[in-house]
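Novice: Got a structure for you, written out below as structure tokens; questions coming shortly.
Protein chains: 2
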Amino acid sequence: MRPATKLALTAAAALPLAAGCREQRPNIIFFLIDDNGWTDSQVAYGDEVYPYNLRYDTPNMLRLSQKGVIMTSAYACPLSTPTRTALMSGMHAAHERITTYGALTKDTPTDAAGGTTGIINDNPDDPFARSDWNWNGIQPCEGIDHSVAVTPLPALLRDAGYQTIHVGKAHWAPGGTPGASPYNMGFNVNVAGSNAGYPRSHLGEDNYGNTKELWQGNAVMNLSEYYGSPTFLSDALTREAIKTLEDPVRTGRPFFLYMSHYATHTPIQPDARFYQKYRDRGMDDGQAKYASMCESCDASLGALMDWLEAKGVADNTVIILYADNGGHSIDARKGGVPHTQNAPLREGKGSCYEGGIREPLLVYVPGKTIGGMRINTPVGPEDFFPTILEMAGVESYSTKQKVDGQSFLKLIAEGSKFASSALKRGELPTQKDANRLVIPASISGMDPMRPIISHMPHQWRIEDQPDIDFMSSVRSGDWKLIYRMHNIMGMEFIRTGASKAYAAAPGEAVSCGVFELYNLADDISESHDLAASEPDKVAALAKMLGGRLREWDANMPVVRSTGRRVPWPDELL
Amino acid sequence: MRPATKLALTAAAALPLAAGCREQRPNIIFFLIDDNGWTDSQVAYGDEVYPYNLRYDTPNMLRLSQKGVIMTSAYACPLSTPTRTALMSGMHAAHERITTYGALTKDTPTDAAGGTTGIINDNPDDPFARSDWNWNGIQPCEGIDHSVAVTPLPALLRDAGYQTIHVGKAHWAPGGTPGASPYNMGFNVNVAGSNAGYPRSHLGEDNYGNTKELWQGNAVMNLSEYYGSPTFLSDALTREAIKTLEDPVRTGRPFFLYMSHYATHTPIQPDARFYQKYRDRGMDDGQAKYASMCESCDASLGALMDWLEAKGVADNTVIILYADNGGHSIDARKGGVPHTQNAPLREGKGSCYEGGIREPLLVYVPGKTIGGMRINTPVGPEDFFPTILEMAGVESYSTKQKVDGQSFLKLIAEGSKFASSALKRGELPTQKDANRLVIPASISGMDPMRPIISHMPHQWRIEDQPDIDFMSSVRSGDWKLIYRMHNIMGMEFIRTGASKAYAAAPGEAVSCGVFELYNLADDISESHDLAASEPDKVAALAKMLGGRLREWDANMPVVRSTGRRVPWPDELL
Numbered sequence: 141m142r143p144a145t146k147l148a149l150t151a152a153a154a155l156p157l158a159a160g161c162r163e164q165r166p167n168i169i170f171f172l173i174d175d176n177g178w179t180d181s182q183v184a185y186g187d188e189v190y191p192y193n194l195r196y197d198t199p200n201m202l203r204l205s206q207k208g209v210i211m212t213s214a215y216a217c218p219l220s221t222p223t224r225t226a227l228m229s230g231m232h233a234a235h236e237r238i239t240t241y242g243a244l245t246k247d248t249p250t251d252a253a254g255g256t257t258g259i260i261n262d263n264p265d266d267p268f269a270r271s272d273w274n275w276n277g278i279q280p281c282e283g284i285d286h287s288v289a290v291t292p293l294p295a296l297l298r299d300a301g302y303q304t305i306h307v308g309k310a311h312w313a314p315g316g317t318p319g320a321s322p323y324n325m326g327f328n329v330n331v332a333g334s335n336a337g338y339p340r341s342h343l344g345e346d347n348y349g350n351t352k353e354l355w356q357g358n359a360v361m362n363l364s365e366y367y368g369s370p371t372f373l374s375d376a377l378t379r380e381a382i383k384t385l386e387d388p389v390r391t392g393r394p395f396f397l398y399m400s401h402y403a404t405h406t407p408i409q410p411d412a413r414f415y416q417k418y419r420d421r422g423m424d425d426g427q428a429k430y431a432s433m434c435e436s437c438d439a440s441l442g443a444l445m446d447w448l449e450a451k452g453v454a455d456n457t458v459i460i461l462y463a464d465n466g467g468h469s470i471d472a473r474k475g476g477v478p479h480t481q482n483a484p485l486r487e488g489k490g491s492c493y494e495g496g497i498r499e500p501l502l503v504y505v506p507g508k509t510i511g512g513m514r515i516n517t518p519v520g521p522e523d524f525f526p527t528i529l530e531m532a533g534v535e536s537y538s539t540k541q542k543v544d545g546q547s548f549l550k551l552i553a554e555g556s557k558f559a560s561s562a563l564k565r566g567e568l569p570t571q572k573d574a575n576r577l578v579i580p581a582s583i584s585g586m587d588p589m590r591p592i593i594s595h596m597p598h599q600w601r602i603e604d605q606p607d608i609d610f611m612s613s614v615r616s617g618d619w620k621l622i623y624r625m626h627n628i629m630g631m632e633f634i635r636t637g638a639s640k641a642y643a644a645a646p647g648e649a650v651s652c653g654v655f656e657l658y659n660l661a662d663d664i665s666e667s668h669d670l671a672a673s674e675p676d677k678v679a680a681l682a683k684m685l686g687g688r689l690r691e692w693d694a695n696m697p698v699v700r701s702t703g704r705r706v707p708w709p710d711e712l713l
Numbered sequence: 141m142r143p144a145t146k147l148a149l150t151a152a153a154a155l156p157l158a159a160g161c162r163e164q165r166p167n168i169i170f171f172l173i174d175d176n177g178w179t180d181s182q183v184a185y186g187d188e189v190y191p192y193n194l195r196y197d198t199p200n201m202l203r204l205s206q207k208g209v210i211m212t213s214a215y216a217c218p219l220s221t222p223t224r225t226a227l228m229s230g231m232h233a234a235h236e237r238i239t240t241y242g243a244l245t246k247d248t249p250t251d252a253a254g255g256t257t258g259i260i261n262d263n264p265d266d267p268f269a270r271s272d273w274n275w276n277g278i279q280p281c282e283g284i285d286h287s288v289a290v291t292p293l294p295a296l297l298r299d300a301g302y303q304t305i306h307v308g309k310a311h312w313a314p315g316g317t318p319g320a321s322p323y324n325m326g327f328n329v330n331v332a333g334s335n336a337g338y339p340r341s342h343l344g345e346d347n348y349g350n351t352k353e354l355w356q357g358n359a360v361m362n363l364s365e366y367y368g369s370p371t372f373l374s375d376a377l378t379r380e381a382i383k384t385l386e387d388p389v390r391t392g393r394p395f396f397l398y399m400s401h402y403a404t405h406t407p408i409q410p411d412a413r414f415y416q417k418y419r420d421r422g423m424d425d426g427q428a429k430y431a432s433m434c435e436s437c438d439a440s441l442g443a444l445m446d447w448l449e450a451k452g453v454a455d456n457t458v459i460i461l462y463a464d465n466g467g468h469s470i471d472a473r474k475g476g477v478p479h480t481q482n483a484p485l486r487e488g489k490g491s492c493y494e495g496g497i498r499e500p501l502l503v504y505v506p507g508k509t510i511g512g513m514r515i516n517t518p519v520g521p522e523d524f525f526p527t528i529l530e531m532a533g534v535e536s537y538s539t540k541q542k543v544d545g546q547s548f549l550k551l552i553a554e555g556s557k558f559a560s561s562a563l564k565r566g567e568l569p570t571q572k573d574a575n576r577l578v579i580p581a582s583i584s585g586m587d588p589m590r591p592i593i594s595h596m597p598h599q600w601r602i603e604d605q606p607d608i609d610f611m612s613s614v615r616s617g618d619w620k621l622i623y624r625m626h627n628i629m630g631m632e633f634i635r636t637g638a639s640k641a642y643a644a645a646p647g648e649a650v651s652c653g654v655f656e657l658y659n660l661a662d663d664i665s666e667s668h669d670l671a672a673s674e675p676d677k678v679a680a681l682a683k684m685l686g687g688r689l690r691e692w693d694a695n696m697p698v699v700r701s702t703g704r705r706v707p708w709p710d711e712l713l
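Protein sequence lines correspond, in order, to chains Y and H.
Just so we're on the same page, this note's numbering is the position in the first sequence counted from 1, plus 140.
Just so we're on the same page, this note's numbering is the position in the second sequence counted from 1, plus 140.
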């Protein structure tokens, strides 16, 4: 045996994976955008091109949508930490009992805390007391109070031989706990990931918050080379990501890049490369800043795609583009009219209405997906865990947690073939028709009626947000039930915004039912409540929602006056 | 050909190194301590055990000194950045024209700037104006003003297949430049390395400086999981380092770990695991804090050594322990009497006297070094570059810079055999005898008389430091020449400290000559100036020093009154 062969066998023996499949294993880029809505790009996920789709220049997202599939019914949680922890664990957020965003510091529930200040605010004026949720997030180990111990996705990928790289926002757990560090989650490399849930500044001129004046605990780390420069945060992170990819590409090791942008989260700041163009189109300052941030993410995607092509690895690299919750609709810094920024979807971040949870999702799997096909079977954040493991060829693994998600690899592979055939047969003359194509479970391995459950049993902020706080929802097929928990108290709300989804005029008192029912096929804006006319649908969906929440032992608020848990929805039937 | 074999050959082909030698390549841990003096451990590098060697409990440094060689004449630069950049480039600091510490922000010379505040202070009262040095440090690329473009050591190791890992302090270049980022220097992984030259706090309770009250631009990054905990910085960095080593050990990839502690730099703070013990021994608060920091580094070394043993890779892992400049001798926070903290060595950090430049150095090379042997051939920071590449089996490489250093791998391998033989023959009855053993160049490949040049043509701080500012020195064999540049102006200094190296009493005016000459074999404290009685030695050494500085085009101050460069030392003969 010649020395080179001997060595090669030694090297292969050191690899933990079954050797036979190693050379086929794809690289995987999970490209995550923060607070980015369903209509915040040129990719029209809906039945038509909506006005917001015309607002942003995202040529690289279009480019990816032509290479991969367009998932028209992708969902996230209403807020960031629940989605992000579900991505790492494969558990539903309600099963994790992590259902609102996490604080900078441990033992600090954020609900009705007025931000990440670490002040625990129990909001004693509210009829509901805080639920007992896991405010210390997910953890890679046991023994941390108010947390869930999990086997994180990157650890499984790393153990299977992947180079696992984290760039950007982490936000799975607060400071002072192991879960705050990407290294504890199974990443071999971490750039800029910490306990912070948003950046103090996106601007190099601000040192990304690393200045005495600005510092607030969420300054972005590891970027000192760009301090004082005009490098926008998305660009800096992209450059860092590409640096970290050089080595695995050179050495032939498959990589998993978790490219987690802080954009388009607040603060809303201008990427100077793009801002003026949007002003020239007539946008106000906030709108133009936000648009520049959307395009900064698009430019990042483009830079990565260009780099993969230049290195000759684009044909062996999966790209998944997703966002962690809906676009912000109640932050004045974004400009425009509050509550409308995800139109035609109702509301935005924080809400169980579609504007808070319906997300962009593009998936390119070389050799498996057919470019430009549209798939409407709904998927949620917990589904990525088994999907990515299947993409990586990791077939047998054990986890501390019970994984709730289901792989959608077959859905997109077989589903895109199914859609392509229908298209070729002329059965999908319009985008709307393509959006309506039902891919049978017999083809996709996934029930098109599978329920998508959203659970936000919290007050998000100090100020009441009637269409956001204390809500749950379930979608199955075209039907969606909203459970407005606060309304069990017979409460009325003053309408503060201008969403066309509201029946009442601004300033007018609005009384809503405990349940609302919408048919999303006809009413994507959730503006025509059919609960009164479809009591059987309400009952069926309430049972579906209540049953699943009970099964997960989901956290629920407590009615202060009685000391009792808020009822499961089907207890109200 | 069976699939496994096919794969293995594919994997081997992807490796950039000649395959035949891969399995022999050792792991390398470069363990760097900050501001740590020659006598700051139980390892007695000198002819005898000095009082300071009895002060600190460093069992793991002793343990390493019994596995590897004890380099009794290792030198660093008087300050941090010059040593650290020389380590990365293999250039002499005077050749790099990087001869004092770097600032947090670019284009900010620090000399006489009173710290890292970014205020450029030209100290107009001084007879000398600032020299034109490279205050923007080393850079991995051309085009940065006042910097040196280099091919950094880690880049060569990475390109040879090593997993290159940076943990701790970087400090090669200021913020706003590429050199600030370990990723640009060839590291695949970076934990906590940035533009910062010292930590805002070593305490987990202070979030390592990541609090609104403390924040000053040098908060330590990437450690949010320890915020609010009692984890001392050295311990946190060690834990992170071990995490980053798991993957290369598992996959069989050789690693280079640059374990660069922020300790024992100021701020002087207590590691609670060790502090009280030293108080109980009668030390003052500052002394006990400093002692606890020394022991925190020792504990880190021990944890790494234990881990290597537990993983079964200790016998294939080089360990190099070194420090970047002498112990601080003018910082009241260290307690004790100023100017004495490196006794018997004169002065400390910043100075060209031995206290500023003579350093701990232990080197364990499995299969090559004989444990406990003492080697007195001097080495400097630029020598590590070729030494580490030779250890890694990187035989042919090209660099942007001209490397000044010389590999000392043969010196320690053959030298330790030579010393061991002499010991066995009974020729080295005492530690002093072992320290005097000259290893001939014919054995070691290295001239025992090779000159060690130190160059500190700056005012370190706003306040004059007579035994520190504006000095150069050269050592060859036992002889050492000091060039006190300020003294060409016929200046007198008031003695401020209590170093026994001074002839005069505290508060008394001291007039020193331009040259001082010491015989280190007889006078390790540099207290008996022989310049007047040995003019030929002075001339020979001044020519050696001047010649080398000219060859490197070293930076020199300018005499304000004449506008002319301060003379090279041999111009004054």
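C-beta atoms are modelled at their ideal positions from N, C-alpha and C, and glycine is treated no differently.
As the structure is a prediction and not an experimental result, all values here were calculated from the model.
Hey, Gly475/H and Asn482/H: beta-carbon distance below 8 Å or not?
Specialist: Against the second sequence, residue 475/H aligns to sequence position 335. Against the second sequence, residue 482/H aligns to sequence position 342. Taking 8 Å as the Cβ cut-off, Gly475/H and Asn482/H do not qualify as a contacting pair.
Novice: CB-CB under 6 Å to Arg237/H, same chain, minus the five flanking residues each way: which ones, in chain order?
Specialist: As a first step, residue 237/H must be located in the second sequence, where it is residue number 97. If we look at Arg237/H and ignore the five residues flanking it on each side, its Cβ neighbours are Trp273, Asn274 and Asn695.
Novice: Please classify Val189/H as buried or exposed, where buried requires at least 16 other C-beta atoms within 10 Å of its C-beta.
Specialist: One-based indexing of the second sequence puts residue 189/H at position 49. Val189/H comes out exposed.
Novice: Is the distance from the Cβ of Ala332/Y to the Cβ of Gly308/Y below 8 Å?
Specialist: Along the first sequence, read from residue 1 onward, the residue named residue 332/Y stands at position 192. Along the first sequence, read from residue 1 onward, the residue named residue 308/Y stands at position 168. Yes, Cβ-Cβ distance for Ala332/Y and Gly308/Y is below 8 Å.
Novice: Given a cut-off of 8 Å, decide if Asn176/H and Pro500/H are closer than it, judged by their beta-carbon atoms.
Specialist: Reading the second sequence from its first residue, position 360 is the one you call residue 500/H. Reading the second sequence from its first residue, position 36 is the one you call residue 176/H. Result yes, Cβ atoms of Pro500/H and Asn176/H sit closer than 8 Å.
Novice: Taking DSSP as the reference, what is the three-state secondary structure of Leu546/H?
Specialist: Looking up residue 546/H in the second sequence gives position 406. The amino acid at residue 546/H is misidentified as Leu; the sequence shows Gln. Gln546/H: coil per DSSP, three-state reduction.
Novice: Go ahead and pull the three-state DSSP assignment for Gln599/Y.
Specialist: As a first step, residue 599/Y must be located in the first sequence, where it is residue number 459. In the structure shown, Gln599/Y sits in coil (DSSP, three-state: anything other than H, G, I, E or B).
Novice: With a 10 Å radius around its C-beta and 16 neighbouring C-beta atoms as the bar for buried, classify Arg473/Y as buried or exposed.
Specialist: Within the first sequence, residue 473/Y is the residue found at index 333, counting from 1. Flag for Arg473/Y reads exposed.
Novice: Can Ile602/Y and Glu494/Y be called in contact, C-beta distance under 8 Å?
Specialist: Against the first sequence, residue 602/Y aligns to sequence position 462. Against the first sequence, residue 494/Y aligns to sequence position 354. Result no, Cβ atoms of Ile602/Y and Glu494/Y do not sit closer than 8 Å.
Novice: Between which two residues does the beta strand (DSSP E) containing Phe524/Y stretch?
Specialist: The residue labelled residue 524/Y in the question sits at position 384 within the first sequence. Run containing Phe524/Y: none in the beta strand (DSSP E); it sits in the alpha helix (DSSP H), Phe524 to Met531.
Novice: Closer than 8 Å by C-beta to Asp424/H: which residues in its own chain qualify, once you throw out the five before and the five after it? Chain order, please.
Specialist: For the purposes of this step, residue 424/H is taken as the residue at position 284 of the second sequence. Once the five neighbours on either side are set aside, the close Cβ partners of Asp424/H are Gly475 and Gly476.
Novice: Please decide whether Tyr190/H counts as near chain Y, where near means a Cβ-Cβ distance under 8 Å.
Specialist: Against the second sequence, residue 190/H aligns to sequence position 50. Cβ-Cβ to chain Y under 8 Å: no for Tyr190/H.
Novice: Between which two residues does the alpha helix (DSSP H) holding Arg576/Y run?
Specialist: Taking the first residue of the first sequence as 1, we reach residue 576/Y at position 436. Element bounds for Arg576/Y: Gln571 to Arg576.
Novice: Report the rounded CA-to-CA distance for Arg486/H versus Thr304/Y, giving the unit in angstroms.
Specialist: The residue you call residue 486/H lines up with position 346 of the second sequence. The residue you call residue 304/Y lines up with position 164 of the first sequence. Near 49 Å, if we compare the C-alpha coordinates of Thr304/Y and Arg486/H.
Novice: Can you tell me where the alpha helix (DSSP H) holding Trp708/H begins and where it ends?
Specialist: In the second sequence, residue 708/H corresponds to position 568, counting from 1. Taken as a continuous stretch (DSSP letters only), Trp708/H belongs to no alpha helix (DSSP H), as it is neither H nor E.
Novice: Between the stretch 615 to 632 of chain Y and the stretch 221 to 241 of chain Y, do at least 3 Cβ pairs fall closer than 8 Å?
Specialist: No, they do not touch.
Novice: Sorted by chain position, which residues of the same chain lie with C-beta nearer than 6 Å to Ala403/Y's C-beta, five sequence neighbours on each side aside?
Specialist: On the first sequence, position 263 is the one that residue 403/Y refers to. Same-chain partners within the cutoff: Ser374, Met433, Ser436 and Cys437.
Novice: Let me check one thing: in DSSP terms, what residues is Val503/Y bridge-paired to?
Specialist: Residue mapping note: residue 503/Y aligns to position 363 of the first sequence, counting from 1. DSSP output for Val503/Y lists Val209/Y and Ile460/Y as bridge partner(s).
Novice: Over what stretch of residues does the beta strand (DSSP E) that includes Ile173/Y continue unbroken?
Specialist: In the first sequence, the residue the question calls residue 173/Y occupies position 33. Here the beta strand (DSSP E) through Ile173/Y covers Asn167 to Ile173.
Novice: Taking a contact to mean a Cβ-Cβ separation below 8 Å, would you say Pro280/Y touches Met325/Y in this structure?
Specialist: Here residue 280/Y refers to the residue found at position 140 when the first sequence is read from its first residue. Here residue 325/Y refers to the residue found at position 185 when the first sequence is read from its first residue. For Pro280/Y and Met325/Y, yes; Cβs fall inside 8 Å.
Novice: Looking only at its own chain, which residues have a Cβ that is under 6 Å from the Cβ of Asp693/H, when we skip the five neighbours before and after it?
Specialist: Position 553 of the second sequence, counted from the start, is the residue given in the question as residue 693/H. No residues qualify anywhere along the chain.
Novice: Can the beta-carbon of Pro314/H be found closer than 8 Å to that of Thr391/H?
Specialist: One-based indexing of the second sequence puts residue 314/H at position 174. One-based indexing of the second sequence puts residue 391/H at position 251. Cβ atoms of Pro314/H and Thr391/H: not closer than 8 Å.
Novice: Please report the straight-line C-alpha distance between Arg455/Y and Asp464/Y, rounded to a whole angstrom.
Specialist: Start at 1 with the first residue of the first sequence, and residue 455/Y comes out as number 315. Start at 1 with the first residue of the first sequence, and residue 464/Y comes out as number 324. Note that residue 455/Y is Asp in the sequence shown, not Arg. Taking the straight line from one Cα to the other gives about 26 Å.
Novice: Assuming Ser400/H is part of the alpha helix (DSSP H), what are its boundary residues?
Specialist: One-based indexing of the second sequence puts residue 400/H at position 260. Unbroken run through Ser400/H is the beta strand (DSSP E), Phe395 to Ser400; no alpha helix (DSSP H).
Novice: Between Leu551/Y and Met586/Y, which are expected to be in contact by the criterion C-beta below 8 Å, what is the C-beta distance as a whole number of angstroms?
Specialist: In the first sequence, residue 551/Y corresponds to position 411, counting from 1. In the first sequence, residue 586/Y corresponds to position 446, counting from 1. With 8 Å as the limit, Leu551/Y and Met586/Y qualify as a contact, their Cβ atoms being about 5 Å apart.
Novice: So which of Ala553/H, His311/H, Tyr398/H and Thr291/H has the shortest CA-CA distance to Ala381/H?
Specialist: Position 241 of the second sequence, counting from 1, holds the residue named residue 381/H. With distances taken between Cα atoms, Ala381/H lies closest to Tyr398/H.
Novice: Just to confirm the assignment, what range does the beta strand (DSSP E) spanning Met125/Y have?
Specialist: Summary: the structure shown does not reach residue 125/Y, with chain Y confined to residues 141 through 713, and so no result is reported for it.
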